[in-house]
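Read the structure below first, then the notes.
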Amino acid sequence: MFGRKEDFDLTRAGDKKKRILFDRHRVRMLEWRLDMPITRAKLVNQLAAVAIAVPD
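If you're matching positions, the sequence shown starts at 16 in this note's numbering and goes up one per residue.
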């Protein structure tokens, strides 16, 4: 996915900045690994981790 270590480091720095800004502005962010299959159960668990309830 990343060609060089420098690209990876830049992406990580951008991700860190994004987390700080989201937190500062009270925006909840759902992070999902690209290699993690999306199922309803996993999605509900991830949303619960950021305090978002999903109706049944």
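The beta carbon of each residue, even a glycine, is placed where N, CA and C say it ideally should be.
Item                                                                                       : Value
For Leu45 versus Val59, is the C-beta distance shorter than 8 Å?                           : no
Taking only three categories from DSSP, how would you classify Arg34?                      : helix
If you run the structure through DSSP and keep just helix, strand and coil, what is Ala66? : coil
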